[in-house]
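Peer 1: For reference, the structure I am asking about is given below.
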Amino acid sequence: MSNGPHAKLAELGLELPEVVPPVASYVPAVQSGQHVYVSGQLPIAEGKLLATGKVGAGISAEQAKDLAQRCALNALAAVDSLVGLENVVKVVKVTGFVASAPGFTGQPAVINGASDLFGTVFGEAGRHARSAVGVAELPLDAPVEVELIVEVA
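Quick note on this note's numbering: the sequence shown kicks off at 1 and runs consecutively.
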């Protein structure tokens with residue numbers, strides 16, 4: 001077995017899902033030059049949103065971190081379907097949005113669910129710039145959303 005990103009996912013017991021169909025007028029990912037821009041991904045599995053609500057009120061930070069990992073897995077599926085994960089040279093930028101209850105300030109720890117997955121799958125190439133933003137609402141009342149920019153060969 002190789003050391004590639006698919007092998008790393010398998011070691012984690014994870015499998016790339018089908019690409020999540022867009023919920024509005026956009027595409028899951030677009031390549032421009034040597035970069036792939038992935039639309040915001042929600043924590044959807046098998047066509048269903050895994051949770052709804054606000055982090056810090058009904059959704060724990062730990063649960064939200066797991067949901068952020070699912071968003072990241074969905075983002076990787078979008079990259080893989082467009083250019084293949086083996087062509088990723090660098091994870092450049094991650095933006096995470098956390099639907100936050102008033103007073104919740106743990107957005108960085110929540111988005112670590114995505115960042116940690118990228119680091120494990122791509123090693124040094126998975127280290128990235130990032131924003132973790134608290135918001136009032138997300139589409140479909142999702143607790144988290146993650147978007148991704150990667151450089152490809």
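Positions of the beta carbon are idealized from the N, C-alpha and C atoms, including for glycine.
Helix, strand or coil for Ser131? Go by DSSP, reduced to three states.
Peer 2: Ser131 falls in the strand class under three-state DSSP.
Peer 1: Go ahead and pull the three-state DSSP assignment for Thr52.
Peer 2: Thr52: coil per DSSP, three-state reduction.
Peer 1: Assuming Gln41 and Val146 are in contact, meaning their beta carbons sit under 8 Å apart, how far apart are those beta carbons, in whole angstroms?
Peer 2: Right, their Cβ atoms sit about 5 Å apart.
Peer 1: So, with DSSP's three-state summary, where would you put Phe104?
Peer 2: Note: Phe104 maps to coil in three-state DSSP.
Peer 1: Contact between the region 125 to 135 and the region 31 to 50: three or more CB pairs below 8 Å?
Peer 2: In short, these stretches do not touch, since the Cβ pair count stays below three.
Peer 1: If distances are taken between C-alpha atoms only, which option among Phe97, Lys90, Arg70, Asp66 comes closest to Leu138?
Peer 2: Of the candidates Phe97, Lys90, Arg70, Asp66, the one whose C-alpha sits nearest the C-alpha of Leu138 is Phe97.
Peer 1: With the cut-off set at 8 Å, would you say Leu67 and Pro143 are in Cβ contact?
Peer 2: Closer than 8 Å, so yes.
Peer 1: How long is the line joining the alpha carbons of Ile149 and Pro102, rounded to whole angstroms?
Peer 2: Computed Cα separation, rounded: 29 Å.
Peer 1: To which residues of the same chain is Lys65 closer than 7 Å at the C-beta, ignoring the five residues directly before and after it?
Peer 2: These residues qualify, in order along the chain: Ala109, Val110, Asn112, Gly113.
Peer 1: Any idea if Met1 is buried or exposed, counting beta-carbon neighbours within 10 angstroms, 16 or more meaning buried?
Peer 2: Because the pLDDT at Met1 is just 45, under 50, the model does not fix this residue reliably, and the value given afterwards should be weighed accordingly. Burial call: exposed.
Peer 1: Just mark Gln69 as buried or exposed, buried being the case when its beta carbon has 16 or more other beta carbons within 10 Å.
Peer 2: Burial call: buried.
Peer 1: Can you tell me the Cα-Cα spacing of Val36 and Ala24, whole angstroms?
Peer 2: Rounded to the nearest angstrom, the two C-alpha atoms are 19 Å apart.
Peer 1: Based on Cα-Cα distance, which residue from Phe104, Ala132, Phe118 lies nearest to Lys54?
Peer 2: Comparing Cα-Cα distances from Lys54 to each of Phe104, Ala132, Phe118, the minimum goes to Phe104.
Peer 1: If you check the beta carbons only, do Asn74 and Val133 fall under 8 Å apart?
Peer 2: Going by C-beta atoms, Asn74 is not nearer than 8 Å to Val133.
Peer 1: Please report the straight-line C-alpha distance between Leu85 and Val79, rounded to a whole angstrom.
Peer 2: Between Leu85 and Val79, the C-alpha separation is close to 6 Å.
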